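Some notes on the structure that comes next.
Numbering (this note's numbering), first residue to last: -11 to 318.
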């Protein structure tokens, strides 16, 4: 399954349909008084759409990524126009002011932080103006991540937004381009937390997971320490050639796509495809072919469902794009 201009245009249409759609909306917002009871567009003048803040951020990442890869798509002009109206000094200032609230310390930690860094990195491949406008937000979240790594004793291994490995995968790419000290800190923590992990049992998926705790950890190690990854993964997944643990090779069944939590499982299938595709080049045969086949099985299970119900539609294109980009494009 390949990413082409037709599919990229479809992804862009889906994302354009929700990044500026204010309602329904789930705020990550701690109220200190009645004065804090405000609508999403006031609290977050850039990222008020897509059901929640982090989905809006990575919806924007989807738009900019697709526009860069396929500049001739019909949606390109609409993306440029909306970005010019959204990424302004005034609106960025309001997003920054929100972070300065004492009650906002844990806002979107760490998933939204990492996606904002990914968005800034993608913006830097486009308009210099967009990149410069988003720099203050990127720096603010980078500092939060730096501080968080100092106090986080144990990694969080769940398959949802709090997963440490996923946030570090996205953040490391930004840090390698913008902040060498942060990149070093990420690599140090990844080694400290995961380098001795062996014989992963992969008791997953949980009922509302959109990340595989096992495979996301593996991809994190591949990105942070590629030179030693082949040896590490041989100990972490020693029976990979036998398709064991079996749960990592069987796409998750989604019982109700109108339920926002259960719909996460479509994202699990997409993120597993991303991981399998990404780590396959590090593997020798027959493990490489096993990983590639697992990726295609998971893609086939999820791709028909990236649109249709808003509970999935407001975010699944991002994870489809991650998976499809892992074939080497982008």
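We put the beta carbon where it would ideally sit given N, CA and C, even for glycine. As the structure is a prediction and not an experimental result, all values here were calculated from the model.
Around the Cβ of residue 257, a 10 Å sphere holds 16 or more other Cβ atoms; the residue is buried. A Cβ-Cβ distance of about 7 Å is found for the pair residue 236 and residue 200, placing them in contact under the 8 Å criterion. A straight line joining the alpha-carbon of residue 70 with that of residue 139 spans about 38 Å. Counting only runs of at least 4 residues, the region 136 to 187 fully encloses the following alpha helix (DSSP H) elements, listed from N- to C-terminal order: 152 to 166, 168 to 182.
Taking residue 252 as the centre and dropping the five residues before and after it, the same chain places the C-beta of 196, 197, 198 closer than 7 Å to its C-beta, in chain order. Counting only the Cα atoms, residue 105 lies some 17 Å from residue 76. By alpha-carbon distance to residue 114, the top candidate from 229, 3, 72 is 72.
As the crow flies, the alpha-carbon of residue 108 is around 33 Å from that of residue 242.
Its chain contains 41, 44, 45 as the residues whose beta carbon lies nearer than 6 Å to that of residue 35, once the 5 sequence neighbours on both sides are disregarded; these appear in chain order. When rounded, the separation of the alpha-carbon atoms in residue 208 and residue 273 is 22 Å. For residue 38, the closest alpha carbon among the candidates 307, 149, 310, 298 is that of 298.
Non-local beta-carbon contacts of residue 231 in its own chain, meaning distances under 8 Å to residues more than five positions away in sequence, involve 237, 278, 282 in chain order. The beta carbon of residue 61 sits closer than 8 Å to the beta carbons of -7, -4, -3, 0, 54, 55 from its chain, once the five residues preceding and following it are set aside; these are given in chain order. Counting only the Cα atoms, residue 85 lies some 14 Å from residue 26.
With respect to residue 246, residue 204 sits apart: the two C-beta atoms are not nearer than 8 Å. Taking every protein chain shown into account, the CB of residue 151 has 16 or more other CB atoms within 10 angstroms, so this residue is buried.
Minimum Cα-Cα distance from residue 269 among the listed residues 178, 306, 218, 137 corresponds to 218. Take residue 210, set aside five residues on each side of it, and the residues of its chain with a beta-carbon closer than 7 Å to its own are 217, 266, 267, 270, in chain order. Excluding residues up to 5 positions away in sequence, 99 lie with their Cβ nearer than 6 Å to the Cβ of residue 149 in the same chain.
Beta-carbon to beta-carbon, residue 52 and residue 111 are separated by about 6 Å, close enough to satisfy the 8 Å threshold.
For residue 55, the enclosing alpha helix (DSSP H) has its first and last residue at 41 to 57. Exposed is the label assigned to residue 296, since fewer than 16 other Cβ atoms lie within 10 Å of its Cβ. If you draw a straight line from the Cα of residue 66 to the Cα of residue 250, it is about 32 Å long. Contact between residue 170 and residue 133 holds: CB atoms are separated by about 7 Å, below the 8 Å threshold.
About 14 Å separates the CB atoms of residue 28 and residue 19; that is not less than 8 Å, and the two are not in contact.
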